[in-house]
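Asker: Protein chains in written order, with our numbering: chain H, 3 to 347; chain U, 3 to 347; chain Y, 3 to 347; chain E, 3 to 347.
Number of protein chains: 4
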Amino acid sequence: MKALVYQAPGRMALEERPVPEIKAPGDAIVQILKTTICGTDLHILRGDVPSCSPGRILGHEGTGIVAKTGETVSNFRPGDRVLISCISACGRCEYCRRGMYSHCLTGGWILGNQIDGTQAEFVRIPHADTSLYSVPPGGDEEALVMLSDILPTGFECGVLNGKVAPGATVAIIGAGPIGLAALLTAQFYSPAEIIVVDPDENRLGVAKRFGATSIIVAAGTKAAEAVMKITGGRGVDTAIEAVGVPASFVTCEDIVAPGGIIANIGVHGVKVDLHLERLWSQNITITTRLVDTVSTPMLLKTVQARKLDPNRLITHRFGLDKILDAYDTFGHAAKTRALKVIIAA
Amino acid sequence: MKALVYQAPGRMALEERPVPEIKAPGDAIVQILKTTICGTDLHILRGDVPSCSPGRILGHEGTGIVAKTGETVSNFRPGDRVLISCISACGRCEYCRRGMYSHCLTGGWILGNQIDGTQAEFVRIPHADTSLYSVPPGGDEEALVMLSDILPTGFECGVLNGKVAPGATVAIIGAGPIGLAALLTAQFYSPAEIIVVDPDENRLGVAKRFGATSIIVAAGTKAAEAVMKITGGRGVDTAIEAVGVPASFVTCEDIVAPGGIIANIGVHGVKVDLHLERLWSQNITITTRLVDTVSTPMLLKTVQARKLDPNRLITHRFGLDKILDAYDTFGHAAKTRALKVIIAA
Amino acid sequence: MKALVYQAPGRMALEERPVPEIKAPGDAIVQILKTTICGTDLHILRGDVPSCSPGRILGHEGTGIVAKTGETVSNFRPGDRVLISCISACGRCEYCRRGMYSHCLTGGWILGNQIDGTQAEFVRIPHADTSLYSVPPGGDEEALVMLSDILPTGFECGVLNGKVAPGATVAIIGAGPIGLAALLTAQFYSPAEIIVVDPDENRLGVAKRFGATSIIVAAGTKAAEAVMKITGGRGVDTAIEAVGVPASFVTCEDIVAPGGIIANIGVHGVKVDLHLERLWSQNITITTRLVDTVSTPMLLKTVQARKLDPNRLITHRFGLDKILDAYDTFGHAAKTRALKVIIAA
Amino acid sequence: MKALVYQAPGRMALEERPVPEIKAPGDAIVQILKTTICGTDLHILRGDVPSCSPGRILGHEGTGIVAKTGETVSNFRPGDRVLISCISACGRCEYCRRGMYSHCLTGGWILGNQIDGTQAEFVRIPHADTSLYSVPPGGDEEALVMLSDILPTGFECGVLNGKVAPGATVAIIGAGPIGLAALLTAQFYSPAEIIVVDPDENRLGVAKRFGATSIIVAAGTKAAEAVMKITGGRGVDTAIEAVGVPASFVTCEDIVAPGGIIANIGVHGVKVDLHLERLWSQNITITTRLVDTVSTPMLLKTVQARKLDPNRLITHRFGLDKILDAYDTFGHAAKTRALKVIIAA
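Here you go:
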């Protein structure tokens, strides 16, 4: 089969690889219908993710058709259309039992990282019963790729952790795909205001169309000042960090109202300054989270009920044989205006 | 009346002052029975609290007898024995309605800070109906002074925010009075382990008597290593910061388990490093809080039911005329082994 | 002034009465702009509410202009446009401090019940600071009358207690004004399905326009069967009882899924059968509540943000001099298709 | 092997049966060390549990040693000492993922009911990875039998659902083994008062030794009056029903304070009267639950930390060959004063 392989920092290629086989009784082999590229894949390519070794097939998102199942798989059978979670979960360890699938002792984010991933014609999914989800009748396999990672990430790490509530004021720092996923799912809870901050005007145009009530073309101190002005000096109930750099986290610290929450989504490479000399008395909460995908069943229902349209995040489409072009388009998002790119296997 | 007055950085004196008068219909004048000294009073004396001007009568803790009430005070009448909350709360503003009394728009921590305090024979308490609490029949006015500030602070900022739970593993960094208050009230929830960390062996001896299951005579990296060893490398469910310096906050970051909580109590003077490059994916929560004293009614019940003995925090007793000695004793706690000192007015 | 007075069971009249005066320093006198009639007013007229004596001016909903304030009222001053809560709350008693304003020891539902109410030109509001709410700039005094009682009731007793969640399946039994208020506010949380049950086809037409995803023209066992069919035999996550008779409560018992919630809003006159012989093992929750109106600030924000349009509940308008006609119209809702009737004072 | 077999209503016998075999790859065969008898076993014997057919080996509690494991069992291996949960959970279905193991689509309470149980020398445990728990080093296999069912039931259905809190007032109606299990575990949360109600003075003596702050030798209306007197007319924050008959549930309705919770544990055979004509406005919550045993890991930690001593529930000990005597002793508890009887296999 064809597969996109990480060869070395800065190098990848579409290689010919053997179709994966069942290795454990809980495995399933899934024939990929659609997959996509995540910002994390770009991090791997830069050599920033030590857990991912050269030779790895990339990709942790996708939908497909079950081709084979190990003997203990009970929720799925060959021919079933499935959504692949970016998080593999055994369902049996201490963390899984607490709903923290991201920290599963034999799973977590391993797909396209510690085991071969979804940017290929087939993929092996361990712990299939608790790592795959049935595509509902009439479900759109392309739209549902957005439920592998980006929508649960925006929802769980940003919206749920941020306790977005009816009538509340929310700020989202960063209007990339993940900030937009938080923006779409924040609207489940009818906040009064959603202020989106980004230096890129194009992305803010998208944010506006996706439901932002205010947009701020700025970053850092200027962004914080603008948010405080919009909120009459009060600050926001929920500040969602969707970038992953110190400056945008500090913006969150600058705008969170007393009693408010900073919900971090961003993948950070360096430490940040936490201004406890000011915040110690402000009754605030800060949360971090690697997505657990425990909300996937809920998100599937909201898609079915048309409360959420994942297609809005999809801007480009490619065949698997053109996946290098897809990487190129996704990697130059400022120029191409790409949000999420679909790759049809 | 006699009153301890902050005169200038580094200078205080017991002065003769007029007995305070009712200024607003919701005020009460309380004759002090017992008061105490807080670490914050020492901060004021050092000139570190800009909101407190010279000339101020210090003190924000105490019990007493209501001497006079303004015409709208309905919960209290002269002769009532009362506990004074360190937080004044109007009960009517947006923050009070949300239970965030610490951020009351016309109250909060103002006593012995922006208005005259309790280290005197009499004190004026604004918003008396929602800032005083009845001493229950048979209640001990000396023990209950510990419910003005230190016990609700340890409980709300450390134990409640830290979601201490049956069977959980808790670490408390700092065994000063506030850490010990967290230690006493954490036991309401039957955690399996309470590890207390402090460089001072004497204080750890107290912690051991107060219920710590392990003590660690160390700070910084060594303390973190010791906690990780005790927990089999797993870390703690709740890490309570009860010092207020960067190193002890970083210790909390080093020992919090995935899914755990860092509950900050300490008053910080400078920023701290938040290691998001490691913690972004650890599903942790960090909380800060200025005590709201919303738990005072609950704490009164636990004292009445003998689930909590506040007297254990009291080590020394003085008359009001010897309050300078009391400050001296409290200010040299390492030598005097003082925890809380009672001053009888 | 003119006022609608309950004279005896079955008898009311528009009488001339003196304008009310400030009786306590926390009182405000409000000149009524708009008021309305509640189902409870009809209960009083039938003699079913023993706490309400003949001679009482009815009405517990309305908006108006502050005419006078007692000396301790700090949140309002004459000339302010205000929303009147149906619940008076002192903000100081044990229940108010817990957010249970409905059980305020000197308040609760007293307006138009134990003290004179809002169906008049003026009304005296006790505990004004915590029983009135500012009409936001540009706020519509007619629409906001719906926030005095019916919308917080539907929201707090039905939607909040029922923990309506994104993707969930909700059933509302009863499509009268209160069921419709629950229907409107349930949509704050983006449930996947809202099934509304009522024997009256006209009301269900309204429910459909207001966002119901399914409607069932039935009651009792047939209604339950229809709900089970729609949900594929699974039942509902939240069942909201909005009628107040045994049969509709039993319908809720019949349709609640394992792990689900029955949130009662209805005012019941007789006991109901609770089928614990079946439900003891079903992990369900049943809640009851007299509205606390603690959500009023939140609801005001959702109205300002156009997430909620209270005008949709208003079907008829009358002047105060025609209030007997208004009662007639509201009392024959099946014929007049009245939901809420506005009375302009 | 020897096994206690339900033969027909009113009839059981110790039979010789073949040792069970692995049927599915997730199964484990456990050699029983200790088991016990539950009130439910008596119900089965009376013919009251239609899901349990004659020929069934009874028993759903116990500890033992793993004898064999199916090929996909990963948490256990032969020789491991284990605690058997009364609830079998697949860990993979919708209910298990929500922590509602009691409603597992292929599990739940099946042991000694729909499949052969633990009152035998060996038992087959399906879904072993999520239905067994490791006995911690030094753990007491006899004491831990109390964690199979009775302690998690009292804790989850009574204490957790009842939200027992520090300083709260709790009433437990029924001082049988399950009420006593609630009594022991309620103390995890340091309530101020625990009032235990039962007509049997002997059981109340046990309750007193186990930590009840008040005992009431009564039932029905008299019991309710006594509780109201003890609470100064206020009622209780949490009322735990631990009997399973209408009268004791109505007692709970009579004593629950506004804002309080009725947590039902009892297995009810007939419907009860729910007095909504009084309770509709009292802001109360009623919960039901079949134990999920999700708290078993937490309870194991509290036993290890000596916060809970399960041995206090054990009154009698028998060998498996004397199990008919054990049933006799347990079935005449009023006379024998039996709480839980241990059977050594």
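Here a beta-carbon is modelled for each residue, glycine too, at the ideal position from N, C-alpha and C.
Could you give the C-beta distance for E/Ile175 and E/Ala241, rounded to a whole number, given that I count them as a contact under 8 Å?
Answerer: Taking the fourth sequence and counting its residues from 1, one reaches residue 175 of chain E at position 173. Taking the fourth sequence and counting its residues from 1, one reaches residue 241 of chain E at position 239. 7 Å between Cβ atoms; contact.
Asker: Chain E partners of Y/Gln121, CB-CB under 7 Å?
Answerer: Working through the third sequence from its first residue, we reach residue 121 of chain Y at position 119. Those do not exist, as Y/Gln121 stays about 22 Å from chain E at its closest Cβ, beyond 7 Å.
Asker: Which first and last residues belong to the beta strand (DSSP E) in which U/Gly66 is found?
Answerer: Position 64 of the second sequence, counted from the start, is the residue given in the question as residue 66 of chain U. From DSSP, the beta strand (DSSP E) with U/Gly66 extends over 64-71.
Asker: Which same chain residues end up closer than 7 Å to Y/Asp311 when comparing Cβ atoms and leaving out the 5 residues on each side of it in sequence?
Answerer: For the purposes of this step, residue 311 of chain Y is identified with residue 309 of the third sequence, where counting begins at 1. So no residue of the chain qualifies.
Asker: Does the Cβ-Cβ distance between Y/Ala346 and Y/Lys36 come in under 7 Å?
Answerer: Position 344 of the third sequence, counted from the start, is the residue given in the question as residue 346 of chain Y. Position 34 of the third sequence, counted from the start, is the residue given in the question as residue 36 of chain Y. Yes, the Cβ-Cβ distance between Y/Ala346 and Y/Lys36 is below 7 Å.
Asker: Does chain A have any CB closer than 7 Å to the CB of U/Arg126?
Answerer: The structure shown contains no chain A; its protein chains are H, U, Y and E.
Asker: On a Cα-Cα basis, can you pick out the residue from H/Phe320, H/Gln33, H/Asp142 that is closest to H/Glu23?
Answerer: For the purposes of this step, residue 23 of chain H is identified with residue 21 of the first sequence, where counting begins at 1. Ranking the options by Cα distance to H/Glu23, first place goes to H/Gln33.
Asker: Excluding the 5 residues flanking Y/Gly164 on each side, which residues of the same chain have their C-beta closer than 6 Å to its C-beta?
Answerer: The residue given as residue 164 of chain Y occupies position 162 in the third sequence. Closer than 6 Å at the Cβ level, and outside the excluded window around Y/Gly164, lie Thr240, Ile242, Ile263, Ala265.
Asker: Taking only the alpha-carbon atoms, compute the straight-line gap between H/Leu44 and H/Ile152 and give it to the nearest angstrom.
Answerer: The residue you call residue 44 of chain H lines up with position 42 of the first sequence. The residue you call residue 152 of chain H lines up with position 150 of the first sequence. Going by the C-alpha atoms only, they are around 15 Å apart.
Asker: Give the straight-line distance between the Cα atoms of Y/Ala15 and Y/Gln9, rounded to the nearest whole angstrom.
Answerer: Sequence index remark: in the third sequence, residue 15 of chain Y carries index 13 (1-based). Sequence index remark: in the third sequence, residue 9 of chain Y carries index 7 (1-based). Near 7 Å, if we compare the C-alpha coordinates of Y/Gln9 and Y/Ala15.
Asker: Got a sec: which bits of the stretch 180-194 of chain U sit with their beta carbon under 7 Å from any beta carbon on chain E, in order along the chain?
Answerer: Answer in chain order: Phe190, Tyr191, Ser192, Ala194.
Asker: Could you confirm whether any beta carbon from chain E is found closer than 7 Å to the beta carbon of Y/Arg48?
Answerer: Taking the first residue of the third sequence as 1, we reach residue 48 of chain Y at position 46. Answer no: the Cβ-Cβ gap between Y/Arg48 and chain E never drops below 7 Å.
Asker: Can you find the residues in the same chain that come closer than 8 Å, C-beta to C-beta, to Y/Phe320, ignoring five residues on each side of it along the sequence?
Answerer: For the purposes of this step, residue 320 of chain Y is identified with residue 318 of the third sequence, where counting begins at 1. Counting only Cβ-Cβ distances below 8 Å, and skipping sequence neighbours, we find Asp327, Ala328, Thr331, Val343, Ile344, Ile345, Ala346.
Asker: Does any C-beta atom of chain Y lie closer than 7 Å to the C-beta of H/Lys309?
Answerer: Along the first sequence, read from residue 1 onward, the residue named residue 309 of chain H stands at position 307. Answer yes: the Cβ-Cβ gap between H/Lys309 and chain Y drops below 7 Å somewhere.
Asker: 7 Å is my cut-off, CB to CB: does H/Asp131 come that close to chain E?
Answerer: On the first sequence, residue 131 of chain H is found 129 positions in, with the first residue counted as 1. Interface residue, yes.
Asker: At which residues does the beta strand (DSSP E) containing H/Phe190 begin and terminate?
Answerer: In the first sequence, counting from the first residue as 1, residue 190 of chain H sits at position 188. Element bounds for H/Phe190: n/a, residue is neither H nor E.
Asker: Consult DSSP for E/Val147 and reduce its assignment to one of helix, strand or coil.
Answerer: The sequence position of residue 147 of chain E within the fourth sequence is 145, counting from 1. If DSSP states are grouped into helix, strand and coil, E/Val147 belongs with the helices.
Asker: Taking all protein chains shown into account, decide if Y/Leu107 is buried (16 or more other Cβ within 10 angstroms of its Cβ) or exposed.
Answerer: Sequence index remark: in the third sequence, residue 107 of chain Y carries index 105 (1-based). Y/Leu107 is exposed by the Cβ-count criterion.
Asker: Grouping DSSP H, G and I as helix and E and B as strand, with all else coil, what is E/Gly222?
Answerer: The residue labelled residue 222 of chain E in the question sits at position 220 within the fourth sequence. Reduced to three states, the DSSP call for E/Gly222 is helix.
Asker: Who does E/Thr240 pair with in a DSSP beta bridge?
Answerer: Taking the fourth sequence and counting its residues from 1, the one referred to as residue 240 of chain E is at position 238. DSSP lists E/Val172, E/Ile263 as partners of E/Thr240.
Asker: The alpha helix (DSSP H) that contains U/Gly321, what's its start and end?
Answerer: Counting from one through the second sequence, the residue named residue 321 of chain U turns up at place 319. Premise fails: U/Gly321 lies in the beta strand (DSSP E), 316-321, not in any alpha helix (DSSP H).
Asker: Please report how far the alpha carbon of H/Leu162 lies from the alpha carbon of H/Ala214, in whole angstroms.
Answerer: Working through the first sequence from its first residue, we reach residue 162 of chain H at position 160. Working through the first sequence from its first residue, we reach residue 214 of chain H at position 212. Each residue's Cα considered, the two are about 18 Å apart.
Asker: Are E/Leu206 and E/Ala177 close, meaning C-beta to C-beta below 7 Å?
Answerer: For the purposes of this step, residue 206 of chain E is taken as the residue at position 204 of the fourth sequence. For the purposes of this step, residue 177 of chain E is taken as the residue at position 175 of the fourth sequence. In contact: E/Leu206 and E/Ala177 (Cβ atoms closer than 7 Å).
Asker: Any idea if U/Lys303 is buried or exposed, counting beta-carbon neighbours within 10 angstroms, 16 or more meaning buried?
Answerer: For the purposes of this step, residue 303 of chain U is taken as residue 301 along the second sequence, with counting starting at 1. So U/Lys303 counts as buried.
Asker: Could you confirm whether any beta carbon from chain Y is found closer than 7 Å to the beta carbon of U/Arg94?
Answerer: Position 92 of the second sequence holds residue 94 of chain U. By this cut-off, U/Arg94 is an interface position.
Asker: Closest to H/Ser55 by C-alpha separation, out of H/Ile196, H/Gly12, H/Val68, H/Ser90, would be which residue?
Answerer: On the first sequence, position 53 is the one that residue 55 of chain H refers to. Ranking the options by Cα distance to H/Ser55, first place goes to H/Gly12.
Asker: Answer with yes or no whether the minimum CB distance from H/Pro27 to chain E is below 7 Å.
Answerer: As a working mapping, residue 27 of chain H is identified with position 25 in the first sequence. So yes, H/Pro27 belongs to the interface.
Asker: Just to confirm the assignment, what range does the alpha helix (DSSP H) spanning U/Asp200 have?
Answerer: Along the second sequence, read from residue 1 onward, the residue named residue 200 of chain U stands at position 198. It is not in any alpha helix (DSSP H) - U/Asp200 instead sits in the beta strand (DSSP E) that spans 195-200.
Asker: Unbroken beta strand (DSSP E) runs of length 3 or more, entirely within the stretch 29-65 of chain U: which are they?
Answerer: Runs of the beta strand (DSSP E) inside the stretch 29-65 of chain U: 30-38.
Asker: I need the DSSP call for U/Thr304, collapsed to helix, strand or coil.
Answerer: Position 302 of the second sequence, counted from the start, is the residue given in the question as residue 304 of chain U. Of the three classes helix, strand and coil, the one that applies to U/Thr304 here is helix, per DSSP.
Asker: My guess is that E/Ser283 and Y/Thr290 are in contact by the Cβ rule of under 8 Å, so how many angstroms apart are they, rounded?
Answerer: On the fourth sequence, position 281 is the one that residue 283 of chain E refers to. On the third sequence, position 288 is the one that residue 290 of chain Y refers to. With 8 Å as the limit, E/Ser283 and Y/Thr290 qualify as a contact, their Cβ atoms being about 7 Å apart.
Asker: How far does the beta strand (DSSP E) with U/Glu17 in it reach, from first residue to last?
Answerer: One-based indexing of the second sequence puts residue 17 of chain U at position 15. Segment 13-18, the beta strand (DSSP E) holding U/Glu17.
Asker: Name the two residues that bound the continuous alpha helix (DSSP H) containing U/Ile257.
Answerer: Here residue 257 of chain U is taken as the residue at index 255 of the second sequence, counted from 1. From DSSP, the alpha helix (DSSP H) with U/Ile257 extends over 248-257.
Asker: Using C-beta distances below 8 Å, list every residue in its chain close to H/Glu158, excluding the 5 sequence neighbours before and after it, in chain order.
Answerer: By one-based count along the first sequence, residue 158 of chain H stands at place 156. Excluding sequence neighbours, H/Glu158 sits near Arg291, Val293, Asp294, Thr295, Val296, Ser297.
Asker: So who's on the other strand from E/Ile344, going by DSSP bridges?
Answerer: In the fourth sequence, residue 344 of chain E corresponds to position 342, counting from 1. In the DSSP output, where bridge partners are listed per residue, E/Ile344 has E/Thr38, E/Arg319.
Asker: Please classify E/Pro193: is it buried, with 16 or more other beta-carbons within 10 angstroms of its beta-carbon, or exposed?
Answerer: Within the fourth sequence, residue 193 of chain E is the residue found at index 191, counting from 1. Buried.
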